[in-house]
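Asker: Have a look at the structure that comes next, please.
In this note's numbering, the protein residues as written are 55 to 688.
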């Protein structure tokens, strides 16, 4: 069998597929994916979503009209079944990262302002204000967070002023207020105190002496700091109830403003889930390992004292990572009889809410943290065996678990039942298991048949990826695939890097060559991969489909061949900002013939031939190869 040569550097004719060509492409692509048993998802965070010029406020949203009317149809044409977004919790005021949220309340920057300035929402945001925000947007390809924060405050305040007296808001407040009371008060207190760290709140720096005296007299307490820091630890005490009532009354406008924003988001989320059912492209959520700031504040008595969860030395950090997030006391997660303890019930509620919100399932960040987390002592300057370690597997540890059933109990008693409650199987759970995986984690994952992640950048050989796994070139925490390729090829005189290059390309050629190909043809194919970056890239995307893994995910920067890093772990600047442009469709069709973006028709055709499935499917292969040629000449 001859290996078909596809020239990924063909001249561009500036023509994307016409309607008939697109129909053939989409039909043959979906048929090929079905034969291979593959599902394809795009990883795209809300902020990175595109917007047309007239509606670009500086940040994207999967709720936006551009996504609904333009991006969804485009993705459907290319065989995508899901979009995995970032954790959608409310972000801290000055923190751009979605992985350390302030509250489970939703991220206000997902609110599509263009809809508020339309008849759909009764024009509660004036067109003048909206158009001014769009006009002054300083950057269309990256998020300017300071601009977005200031302009969203202007826009949402105006929308609240015009919509707060509606029956819809009155009904929302009556039926849903209790869900947001704690987080709304936390935001108010953070504003009063001048910071969002409840551990260092200092009330005397934010009140006059007269105000302190008046408040203390009204509630008959002397230390507001301590009450505020532990306000919901015992919310039914007379002192706490008095303080809560005082805050809700004195800051009623801010309190209602917070609830109003969440009403808008709940409405958009409900509409998004209905649209997902209609389009067949479901939104997949993301559950961060860190408890929210509000969760830590409200439940502080349930966490281990003086301890935090982190990560031992690994690929990302030679000295380990001190994340600073508290971890629930294991004795508060489960009672001695195995039933859920107070912390366990909180976790149960949290995951039930996740699955209710995301019918496409969820990705669980750092699944190791739910099986055998790495805990360190906060006061220690350096992680050592005496002050840090895997809490459930330390030989003489207080919380040592005896068997795999005990290691798996958070999954089997909390998370999987939460998924089932909302009609989802364990297949809807994506377990981010990268980093230092210990044996208990590997055994539990295998025993429960949970989907882990194979990242080909990390030298995961596609052919060795478990069928249950999800395979991808890279995620939001890695350099873009184009940057990875540049680094891989530029090994210079470094023997280790050269050895890695030779090994990876050898496996790539062996694993993506057609079944039954002659040795000389495979040898030439290997030579092409080693001397032509575009052909290496094409083979690398084909590897995703030749692998046993049933699910493929591609980060948006890699699908569009952007060649830019979205997030650099361990750094605090320049992250979480990269966006798709309004011209995302044309950008893709330009990137494919340049050898920067994946040609799905070529990749699926290659995979079918590699598996020997071209036999008996000659017309399908013909259609895929014709579509691949068109895309390479787009």
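In this text, a Cβ means the ideal position worked out from N, Cα and C, and glycines have one as well.
Find the nearest neighbour of residue 319 within the set 576, 165, 431 and 671, judged by alpha-carbon distance.
Answerer: Counting from one through the chain shown, the residue named residue 319 turns up at place 265. That would be 165, whose Cα lies nearest to the Cα of residue 319.
Asker: By the 10 Å Cβ neighbour count, where 16 or more other Cβ atoms means buried, how is residue 200 classified, buried or exposed?
Answerer: Walking along the chain shown from the start, residue 200 turns up at place 146. Exposed, since its Cβ has fewer than 16 Cβ neighbours within 10 Å.
Asker: When you compare only the Cα positions, how much space is there between residue 214 and residue 172?
Answerer: Position 160 of the chain shown holds residue 214. Position 118 of the chain shown holds residue 172. In a straight line, the C-alpha of residue 214 is about 15 angstroms away from that of residue 172.
Asker: According to DSSP, is residue 377 helix, strand or coil?
Answerer: Within the chain shown, numbered from 1, the residue matching residue 377 stands at position 323. Residue state, collapsed to three classes: strand.
Asker: Can the beta-carbon of residue 591 be found closer than 8 angstroms to that of residue 539?
Answerer: The residue given as residue 591 occupies position 537 in the chain shown. The residue given as residue 539 occupies position 485 in the chain shown. A contact, by the Cβ cut-off of 8 angstroms.
Asker: Please return the same chain residues whose Cβ sits closer than 8 angstroms to the Cβ of residue 83, not counting the five positions on each side in sequence.
Answerer: Locating residue 83 in the chain shown gives position 29, where the first residue counts as 1. Same-chain partners within the cutoff: 132, 133, 654, 655, 658, 678 and 681.
Asker: Using only CA atoms, which one of 443, 459 and 503 lies nearest to residue 452?
Answerer: What you label residue 452 is simply residue 398 of the chain shown in a count that begins at 1. Among 443, 459 and 503, the Cα nearest to that of residue 452 belongs to 443.
Asker: Comparing C-alpha positions only, which one of 367, 377, 353 and 368 sits nearest to residue 386?
Answerer: As a working note, residue 386 is residue 332 in the chain shown. Closest option to residue 386, Cα to Cα, is 353.
Asker: Going by DSSP, which residues form a beta bridge with residue 431?
Answerer: One-based indexing of the chain shown puts residue 431 at position 377. Paired residues: 361.
Asker: Short of 6 angstroms in beta carbon distance, which residues of its chain neighbour residue 580, apart from the five on each side in sequence? Order them along the chain.
Answerer: Taking the first residue of the chain shown as position 1, residue 580 is located at position 526. Same-chain partners within the cutoff: 563.
Asker: Pull the bridge partners of residue 388 from the DSSP assignment, please.
Answerer: Position 334 of the chain shown, counting from 1, holds the residue named residue 388. Looking at the DSSP assignment, residue 388 forms a beta bridge with 394.
Asker: From which residue to which residue does the alpha helix (DSSP H) around residue 321 run?
Answerer: What you label residue 321 is simply residue 267 of the chain shown in a count that begins at 1. Element bounds for residue 321: 306-333.
Asker: In chain order, what residues of the same chain lie with their CB nearer than 8 angstroms to the CB of residue 334, ignoring the 5 residues before and after it?
Answerer: Here the question's residue 334 lines up with position 280 in the chain shown. So the qualifying residues of the chain are 130 and 135.
Asker: Could you tell me whether the segment 395-408 touches the segment 315-332, where touching means 3 or more Cβ pairs closer than 8 angstroms?
Answerer: No: the two stretches stay apart, fewer than three of their Cβ pairs being nearer than 8 angstroms.
Asker: For the segment 230-244 against the segment 299-316, do three or more pairs of beta-carbon atoms, one drawn from each stretch, fall closer than 8 angstroms, so that the two count as touching?
Answerer: Touching, yes, given that three or more Cβ pairs across the two stretches are closer than 8 angstroms.
Asker: Flag this pair as yes or no: are the beta carbons of residue 607 and residue 524 separated by less than 8 angstroms?
Answerer: As a position in the chain shown, residue 607 is number 553, starting the count at 1. As a position in the chain shown, residue 524 is number 470, starting the count at 1. Yes, these two residues count as a Cβ contact at 8 angstroms.
Asker: Tell me which same chain residues have a C-beta within less than 7 angstroms of the C-beta of residue 288, skipping the five on either side of it?
Answerer: As a first step, residue 288 is located in the chain shown; it is residue number 234 there, counting from the start. Excluding sequence neighbours, residue 288 sits near 294.
Asker: With burial defined as no fewer than 16 other Cβ atoms inside 10 Å of the residue's Cβ, what is the status of residue 427: buried or exposed?
Answerer: Here residue 427 refers to the residue found at position 373 of the chain shown. So residue 427 counts as buried.
Asker: In its own chain, which residues sit with a C-beta less than 7 angstroms from the C-beta of residue 471, not counting the 5 before and 5 after it?
Answerer: The sequence position of residue 471 within the chain shown is 417, counting from 1. Once the five neighbours on either side are set aside, residue 471 has no close Cβ partner at all.
Asker: Looking at C-alpha atoms only, which residue of 637, 148, 368 and 445 is the closest neighbour of residue 202?
Answerer: Taking the chain shown and counting its residues from 1, one reaches residue 202 at position 148. Checked all of 637, 148, 368 and 445; the closest Cα to residue 202 is 148.
Asker: Is it the case that the Cβ atoms of residue 195 and residue 610 are separated by a distance below 8 angstroms?
Answerer: One-based indexing of the chain shown puts residue 195 at position 141. One-based indexing of the chain shown puts residue 610 at position 556. Contact flag unset, no.
Asker: For residue 327, I'd like the list of residues in its chain whose CB is within less than 7 angstroms of its CB, leaving aside the five on either flank, ordered along the chain.
Answerer: Locating residue 327 in the chain shown gives position 273, counting from the first residue. Excluding residues within five positions, the ones whose Cβ falls inside 7 angstroms are 413.
Asker: Quick one: what's got a C-beta closer than 6 angstroms to residue 311's C-beta in the same chain, skipping five residues either side?
Answerer: Here residue 311 corresponds to residue number 257 of the chain shown, with the count starting at 1. Contacts found: 214.
Asker: Alpha carbon to alpha carbon, how far is residue 660 from residue 675? Give it in angstroms, no decimals.
Answerer: Position 621 of the chain shown holds residue 675. Position 606 of the chain shown holds residue 660. Answer to the nearest angstrom: the Cα atoms are 9 angstroms apart.
Asker: Of the choices 506, 475 and 479, whose alpha-carbon is the least far from that of residue 418?
Answerer: Position 364 of the chain shown holds residue 418. Residue 506 is the option with its Cα nearest to residue 418.
Asker: For residue 462, collect the residues of the same chain with a Cβ closer than 8 angstroms to its Cβ; drop the 5 residues on either side in sequence, then sort them by chain order.
Answerer: Your numbering for residue 462 matches position 408 in the chain shown. Once the five neighbours on either side are set aside, the close Cβ partners of residue 462 are 425, 498, 501 and 502.
Asker: Between the alpha carbons of residue 124 and residue 80, how many angstroms are there, rounded?
Answerer: Translated into positions along the chain shown, residue 124 becomes position 70. Translated into positions along the chain shown, residue 80 becomes position 26. C-alpha separation (whole angstroms): 16 angstroms.
Asker: Could you check what DSSP says for residue 491 in three-state terms: helix, strand or coil?
Answerer: Numbered from 1 along the chain shown, position 437 holds the residue referred to as residue 491. Looking at residue 491 - three-state DSSP - the assignment turns out to be coil, as it is neither helix nor strand.
Asker: In three-state terms, what does DSSP make of residue 273?
Answerer: By one-based count along the chain shown, residue 273 stands at place 219. Here the model assigns residue 273 a pLDDT of 46, short of 50, so the residue's position is not dependable, and the following value carries that caveat. Reduced to three states, the DSSP call for residue 273 is helix.
Asker: Using only alpha-carbon positions, find the residue among 368, 369 and 364 that is nearest to residue 376.
Answerer: For the purposes of this step, residue 376 is taken as residue 322 along the chain shown, with counting starting at 1. Answer by Cα proximity: 364.
Asker: How many angstroms separate the CA atom of residue 374 from the CA atom of residue 359?
Answerer: The sequence position of residue 374 within the chain shown is 320, counting from 1. The sequence position of residue 359 within the chain shown is 305, counting from 1. Those two C-alpha atoms are separated by around 21 angstroms.
Asker: Return the bridge partner residues of residue 42 from the DSSP annotation.
Answerer: One cannot answer for residue 42 here, as it falls past the ends of the chain, which runs 55 to 688.
Asker: Quick check for students: name the residue ranges of the beta strand (DSSP E) that lie wholly in the segment 120-159, counting only runs of 3 or more.
Answerer: Within the segment 120-159, the complete beta strand (DSSP E) runs of at least 3 residues are 134-138.
Asker: Measure from the alpha carbon of residue 435 to the alpha carbon of each residue in 251, 342, 236 and 361, then state which is nearest.
Answerer: Translated into the one-based positions of the chain shown, residue 435 becomes position 381. Per the Cα distances, 361.
Asker: Where does residue 443 fall in DSSP's three states?
Answerer: Translated into the one-based positions of the chain shown, residue 443 becomes position 389. DSSP places residue 443 in strand when its eight states are reduced to three.
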